[in-house]
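Note sheet for the following structure.
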Amino acid sequence: MNSGIDLQGSFIEALSELGLPHAIAKALWLPLPMLLMIIGSTVGVLVVVWLERKISAAAQQRIGPEYAGPLGVLQPVADGIKLVFKEDVIPAKADPWLFTLGPVLVVVPVFLSYLIVPFGQSVNITDLNIGIFLWIALSSIAPIGLLMSGYASNNKYSLLGGLRAAAQSISYEIPLALAVLAVVMMSNSLSTIDIVEQQSGYGILGWNVWRQPAGFIIFWISALAECERLPFDLPEAEEELVAGYQTEYTGMKFALFYLGSYVNLVLSALVFAVLYLGGWEFIVPLDQFAGWLGVSETTPWLQVLTASLGIIMTLMKAYFLIFIAVLLRWTVPRVRIDQLLNLGWKFLLPVALANLLITAALKLAFPIAFGG
Amino acid sequence: MTLAEGVQIVSFGILAIMMLGTALGVVLLSNIVHSAFLLAGVFLSISGLYVLLNADFVAAAQILVYVGAVNVLILFAIMLVNKQEDFSKIPGRWIRDAATAVVCFGLFALLSTVVLITPWAENTVSPAVIENTVVTIGEHFFSDFLLPFELASVLLLMAMVGAIILARRDLIPEPVEKQETIATSLTLPERPRELASLGDSTD
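Take a look at the structure:
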């Protein structure tokens, strides 16, 4: 283990010097990265909401939010505050317990999945062995929350929306998992850190996009379907189902759905960046430059530089993907439910299986290029 | 007691209470949809117990398979066939109840004997610390657990083939003998007549 800047170590040491026992100092450290990640992802959502409003306005030759703050950047905050102050209505014939629990079950797994998103070699909450598998497993909880809120609303539109959401997430989870599996096969590990490490060393040329051309398209389509973004936003298709499972919700409970869907979009973009776009890697291999210049990799200023560059690179890649998702939303029409299920089961699933097989064959044939 | 041990004991307590509570709810609640949702709670707390046992892959697989697939399918089935039904009195009902009670009591007695006679005292730290559970599970699957693994995959294949056959059953519709006129409020009062293209096969 290279010794460089160790924030956790120095934090615990500083508190221990103040007279606190070691265990309590460690317990005080534990919530800090998690809190930082939750705040970060929430702020990320505010940025995405603003971007969505601005880009959609540009796509339709409007101005978009303008008066709240410079260029309307405070508009999402204003939206959030408005939703906080709204009355919390539970319909008379709804099931109050399930009605309240539904949005929670949708949001909590999404935030939990941020555990495995790395922003740098050691800029992450935890490096789990099962990394990316945890994300797939957690994202499968959300349909239960959607079914729950759809059922509890006691409304036909809501129930249909909930059922559609569950069917959609189950069908698209399989091609998603198969696309991820091909990447995992190349990097010999489920850990997100190892997946990025395996792509490092050659700059932009080493990224998985070049080795998984079919895989990344399958992944992106399935991820959009999992997030219920517009080409696939059937569960809340407003022309057919009013607002799907959200129909009866107002106030903070509606805001939870809204927040959950955008956090999920950011998360999917981040995972896409980790799996296919080299995560925190710069477009040229920085470590080797540092080696040529003769700077040791434990130099504090170099560590700060690479860490901040890593965070910036990850976020830039993720927001580029979000930009594509927003543009897709305003250019592609919605598919029908039968087209959606046909696309998932009859096209994406066989293609993903073939992609997996070809990856396995290439890995056996060219172990150098495809991770031996 | 270190911090880690304390956290483990507290989370074990919470998980155990959650599991028992939700399991009792599954059995005792009268609303079947509530029971199905509580079943997800049972599965989630079991997966939490797996995490406490350092079986991280099994825990995630438990969530993916049981919560994400099995439970969602159960909910689907219940919601698509959500029929409220009042059960009528059956004459010989008490025989069923008695048989159920005997079976339940027998199972309970069996499990309690197992719990009582098993020596539970073990080292808290296993001698072989497993670094990567996925690799270890894979090695076992392809060496000493090869037969159960293959049998399970054959079973799954059979289930899949069966499901595909059930889903793809092509129904050949019987030719309709005679078209009946359906009188709605919009039907005009006129004599039913043959469609021009159906009337004559020669032209």
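Sequences listed follow chains Z and B, in order.
Just so you know, we're using my numbering here: the first sequence kicks off at 1227 and counts up by one.
Just so you know, we're using my numbering here: the second sequence kicks off at 1075 and counts up by one.
The C-beta atom is built at its ideal place from N, Cα and C for all residues, glycine as well.
Considering just the uninterrupted stretch of the alpha helix (DSSP H) at residue i, what are its terminal residues?
| i | result |
| --- | --- |
| Lys1543(Z) | 1526 to 1557 |
| Glu1213(B) | 1207 to 1215 |
| Ile1088(B) | 1077 to 1102 |
| Tyr1124(B) | 1106 to 1126 |
| Ser1365(Z) | 1357 to 1365 |
| Gly1570(Z) | Unbroken run through Gly1570(Z): none, as it is neither H nor E. |
| Phe1325(Z) | 1322 to 1338 |
| Ser1448(Z) | 1439 to 1453 |
| Phe1131(B) | 1130 to 1136 |
| Gly1236(B) | 1220 to 1241 |
| Ala1210(Z) | The structure shown does not extend to residue 1210(Z), since chain Z is modelled only from 1227 to 1598, so the question has no answer here. |
If I'm right that residue i touches residue j with Cβ under 8 Å, what's the distance once you round it to whole angstroms?
| i | j | result |
| --- | --- | --- |
| Gly1597(Z) | Met1374(Z) | Not really, about 41 Å apart at Cβ, beyond 8 Å. |
| Gly1376(Z) | Leu1389(Z) | 7 Å |
| Ala1451(Z) | Leu1582(Z) | Their Cβ separation, rounded to whole angstroms, is 19 Å, which puts Ala1451(Z) and Leu1582(Z) out of contact at 8 Å. |
| Ile1548(Z) | Val1492(Z) | 7 Å |
| Phe1458(Z) | Gln1394(Z) | 7 Å |
| Ala1499(Z) | Thr1540(Z) | 6 Å |
| Ala1405(Z) | Ala1578(Z) | 6 Å |
| Leu1241(Z) | Leu1262(Z) | Incorrect: roughly 17 Å between the Cβ atoms, too far for contact. |
| Gly1504(Z) | Trp1433(Z) | 4 Å |
| Val1100(B) | Leu1112(B) | 5 Å |
With DSSP run on the structure shown, which of helix, strand or coil describes residue i?
| i | result |
| --- | --- |
| Ala1393(Z) | helix |
| Ser1379(Z) | coil |
| Tyr1428(Z) | coil |
| Ala1405(Z) | helix |
| Glu1292(Z) | coil |
| Trp1433(Z) | coil |
| Gly1235(Z) | helix |
| Leu1190(B) | helix |
| Ile1594(Z) | coil |
| Asn1145(B) | helix |
| Ser1282(Z) | helix |
| Ile1584(Z) | helix |
| Phe1179(B) | helix |
| Lys1589(Z) | helix |
| Glu1313(Z) | coil |
| Ile1204(B) | coil |
| Phe1150(B) | helix |
| Ala1195(B) | coil |
| Leu1579(Z) | helix |
| Gly1346(Z) | coil |
| Leu1354(Z) | coil |
| Gly1166(B) | coil |
| Leu1184(B) | helix |
| Ala1318(Z) | coil |
| Val1561(Z) | coil |
| Val1139(B) | helix |
| Leu1155(B) | In the sequence on display, residue 1155(B) carries Val and not Leu. Here Val1155(B) sits in coil by DSSP. |
In chain B, which residues lie with their C-beta within 7 Å of the C-beta of residue i?
| i | result |
| --- | --- |
| Tyr1398(Z) | Those do not exist, as Tyr1398(Z) stays about 12 Å from chain B at its closest Cβ, beyond 7 Å. |
| Ile1356(Z) | Asp1130, Phe1131, Ala1134, Val1208 |
| Leu1272(Z) | Residues of chain B passing the Cβ test: none, with the nearest at roughly 29 Å. |
| Tyr1377(Z) | Val1107, Met1153 |
| Leu1567(Z) | Residues of chain B passing the Cβ test: none, with the nearest at roughly 12 Å. |
| Leu1360(Z) | Ala1134 |
| Met1374(Z) | Phe1111 |
Quick one: which chain B residues come within Cβ less than 8 Å of residue i?
| i | result |
| --- | --- |
| Ala1392(Z) | Val1146, Leu1149, Phe1150 |
| Leu1385(Z) | Met1153 |
| Leu1389(Z) | Phe1150, Met1153, Leu1154 |
| Leu1416(Z) | Val1208 |
Taking C-beta pairs closer than 9 Å, name the residues in chain B that residue i reaches, listed in chain order.
| i | result |
| --- | --- |
| Pro1369(Z) | Gly1142, Val1146, Leu1149 |
| Leu1324(Z) | Val1107, His1108, Phe1111 |
| Met1412(Z) | Per Cβ cutoff of 9 Å: no residues; Met1412(Z) is ~15 Å from chain B at best. |
| Lys1252(Z) | Leu1077 |
Residues of chain Z with CB under 9 Å from residue i, in chain order?
| i | result |
| --- | --- |
| Leu1184(B) | Those within 9 Å of Leu1184(B) in chain Z number zero; the least Cβ separation is about 33 Å. |
| Thr1076(B) | Ala1249 |
Anything in chain Z within Cβ reach of residue i, meaning under 8 Å, just list it in chain order.
| i | result |
| --- | --- |
| Ile1137(B) | Ala1363, Leu1364, Ser1366, Ile1367 |
If the cut is a Cβ gap below 7 Å, which residues of chain Z does residue i touch?
| i | result |
| --- | --- |
| Ala1114(B) | Ile1370 |
**OP:** Would you mind listing the beta strand (DSSP E) stretches within the segment 1461 to 1534 of chain Z that are 3+ residues and don't spill past its ends, in chain order?
**Re:** none
**OP:** Write down every uninterrupted run of the alpha helix (DSSP H) in the segment 1238 to 1270 of chain Z whose length is 4 residues or greater and which is fully enclosed by it, in chain order.
**Re:** 1248 to 1255
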